[in-house]
Amino acid sequence: MYNYSAINVSNLITLQTYYTEVDKIYNLYGATVFTSDEYLFSLDSDGNYLLLSYYGSEENITLPENLNGSSYRIGKNAFTNTKVKNVIIPDCVTEIGLNAFENCSNLESVTFGSSIKKIDKAFVNSTISDIYYSGTVA
74 MYNYSAINVS NLITLQTYYT EVDKIYNLYG ATVFTSDEYL FSLDSDGNYL
124 LLSYYGSEEN ITLPENLNGS SYRIGKNAFT NTKVKNVIIP DCVTEIGLNA
174 FENCSNLESV TFGSSIKKID KAFVNSTISD IYYSGTVA
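The opening position of the sequence shown corresponds to residue 74 in our numbering, with each subsequent residue numbered one higher.
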């Protein structure tokens, strides 16, 4: 289970070292912004979760299984320029945004859950060599 700690707009400035446009997140999404382990998420007024950024240093990561029982999307540039090597994306992730893993020069493998419906040029300039998918291809 993941530990969520809500943050307010006045606290967003402390996260700027992890996400350079964090001051724009609150205005852009009109949402609650919170952290979960080494991830920055937003929750909009419609109840949709979005992974905004990964600010950890681990090479091998498994994304959170769910957020309070809800699915979520990986946002634009969420992992750009990180040192991730192997990523496991669980079934609760439905979309991967534009350039989500751009310039991930260490990226070797990604395992997708079965609920992925859209991947938007997520791996531009990344070195991914192995892709695994647990669902079926239509």
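In this text, a Cβ means the ideal position worked out from N, Cα and C, and glycines have one as well.
None of these values were measured; they are calculated from a predicted model.
Through-space distance from residue j to residue i, alpha-carbon basis
i: T153; j: C177; result: 6 Å
i: I161; j: V210; result: 18 Å
i: Y138; j: Y112; result: Checking the displayed sequence, the identity of residue 138 turns out to be Glu instead of Tyr. Their Cα atoms are separated by approximately 13 Å.
i: G148; j: I204; result: 20 Å
i: G142; j: T200; result: 32 Å
i: V106; j: L125; result: 9 Å
i: S182; j: S202; result: 6 Å
i: G120; j: C165; result: 15 Å
Close Cβ partners of residue i (< 6 Å) along its chain, the five nearest in sequence each way excluded
i: F196; result: F174
i: T135; result: I161
i: Y206; result: F185
i: G208; result: S187
Close Cβ partners of residue i (< 8 Å) along its chain, the five nearest in sequence each way excluded
i: E132; result: K156, V157, K158, N159 and N179
i: P163; result: T135, L136, P137, E138, N139 and G186
Residues near residue i in its chain [Cβ-Cβ closer than 7 Å; skip 5 each side]
i: T167; result: S144, R146, S188, I189 and K190
i: D193; result: I169, G170 and L171
With 16 other Cβ atoms within 10 Å as the buried cut-off, status of residue i
i: L123; result: buried
i: N198; result: exposed
Practice problem: Write down every uninterrupted run of the beta strand (DSSP E) in the region 160 to 189 whose length is 3 residues or greater and which is fully enclosed by it, in chain order. | Solution: As far as the region 160 to 189 is concerned, its whole beta strand (DSSP E) runs of at least 3 residues are 166 to 169 and 182 to 185.
Quiz prompt | Sequence ranges, beta strand (DSSP E) only - wholly within the region 120 to 146, length at least 3 | solution = The qualifying runs are 122 to 127 and 133 to 135.
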